[in-house]
Amino acid sequence: MLWLSDMSRRRIVTAGKVTGNDRRTTRRFHLFTPDEEGMMEEIFWYCLALAASENNIAVYAATLMSSHPHYDVEDRDGRLPLFKRDFHRWLSLSTKAFRDWPEEVFNKSAPGEHEVLTPEALVHDLAYLIANPVSAGAVRSAARWPGAKTLPQDIGVRVIRARRPPFWFKADNDRWPDEVELVLEMPRMLLDEYGSLEAAQRAIADEVEVLEKEARRKLCAKGQPFEGRRRVLRRKHTDMSKSPEQRGRLNPQHAAGGNRTAAANAIAARREFNRAYDEALSRWTSGDRDVVFPHGTWWMRVHHGVRCGPPT
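Residue numbering for the sequence shown follows the working numbering, starting at 69 and increasing by one per position.
Shown next, in the form of structure tokens:
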């Protein structure tokens, strides 16, 4: 897997972009840990489905770990920041109410977000998301994870229906529907690459199997057992992840799956965007309100109404 990262964090928002996303809880508390009644799972799917529906986001897969959600999506209309704002806010507020939690839910670091550039990168990204409970040492296979999860055979097939949780969302407010529906879609990129839904699912499943076997090998080498489904369900939301957290780790902007041409093109495109953005911003701050910003500009377009050019 080839990851790309640079110092610039200007957000480039365009229709059709495919991204992998995650966000950590504060101090890695297990605020999202699964419960026997499935309420945390219901909260997660409701928030995700509603935010995706209202912002025209295609959801490919999602898994809710005890300390962070993972989700891979396609931004159909260039509304990814609005989708994430809504999803994270609703998930945070309803979780606070469910857990009777007095503090913030998410930490103050920027959410993880990387653009997926190639079919190879997307297969790996989806498989990583699916196998995450195994890689974390929680369960021996992704299918055993007792919380919100996606399996390879779900992608392109599964329809999730979630009822409005009795926490934070007010039943007497028409803003919040009684039930929402989420279809897990197969990426067009993978349908084009593999030729059919079944072949794309097999490619993802094969990569999941590789990751699960590697996770089992590592735990066996350490002499450590998996936590197991029953112990996971006995976790408290006040528990914290014990594994040491990497400090100063990269928050990559792209995943290219080893494709150096795609990687180089992505780097060149971002550099050109930054060059054009710097030039436009300089002119705008000098009083030129007719200056055209590069396609994909988000903050200046949404908050200051600047003009943007067409795709290049």
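For each residue, glycine too, the CB sits at the ideal point set by N, CA and C.
A quick note: this is a predicted structure, and the numbers were derived from the prediction, not measured.
### Length of the line joining the Cα atoms of residue 329 and residue 303
The alpha-carbon atoms of residue 329 and residue 303 are separated by roughly 45 Å.
### Query
Which partner residues does residue 182 have in the DSSP bridge list?
Here residue 182 is bridged, per DSSP, to 88.
### Task
Consult DSSP for residue 370 and reduce its assignment to one of helix, strand or coil.
For residue 370, the three-state secondary structure derived from DSSP is helix.
#### Entry: Whole-angstrom distance between residue 170 and residue 108, CA atom to CA atom
One C-alpha to the other measures close to 17 Å.
### Message
My assumption, with CB atoms under 8 Å, is that residue 122 sits in contact with residue 154. Please give the rounded CB distance.
### Response
The beta carbons of residue 122 and residue 154 sit about 7 Å from each other, so the pair counts as a contact at 8 Å.
### Message
In this structure, how does DSSP classify residue 284 when only helix, strand and coil are distinguished?
### Response
Annotated three-state conformation of residue 284 is helix, per DSSP.
### Query
Should residue 338 go down as buried or exposed, given a rule of 16 or more other Cβ atoms within 10 Å for buried?
Burial call: buried.
### Query
With 16 as the cutoff for other CB atoms within 10 Å, does residue 217 come out buried or exposed?
Flag for residue 217 reads buried.
#### Entry: Assigned secondary structure, residue 12 (DSSP; H/G/I helix, E/B strand, else coil)
Outside the shown range of the chain, which is 69 to 380, sits residue 12, and nothing can be said about it.
### Message
I'd like to check one pair, residue 227 with residue 323: are the Cβ atoms closer than 8 Å?
### Response
Not a contact, by the Cβ cut-off of 8 Å.
### Task
Return the first residue and the last residue of the alpha helix (DSSP H) that residue 340 is part of.
Start and end: 328 to 353.
### Message
Suppose you measure from the CA of residue 156 to the CA of residue 146; what does that come to, to the nearest Å?
### Response
Inter-residue distance for residue 156 and residue 146 is about 18 Å (C-alpha atoms, whole angstroms).
### Message
According to DSSP, is residue 360 part of a helix, a strand, or is it coil?
### Response
Taken through DSSP and simplified to helix, strand or coil, residue 360 comes out as strand.
### Query
Do you know offhand how far residue 321's Cα is from residue 334's?
Residue 321 and residue 334 have their C-alpha atoms spaced approximately 9 Å apart.
### Message
Would you say residue 281 lies against chain B (beta-carbon separation less than 8 Å)?
### Response
You won't find chain B in this structure, because it holds only one protein chain.
### Task
Ignoring anything shorter than 3 residues or poking outside the stretch 202 to 233, list the beta strand (DSSP E) runs there in chain order.
Qualifying beta strand (DSSP E) stretches, in chain order: 227 to 231.
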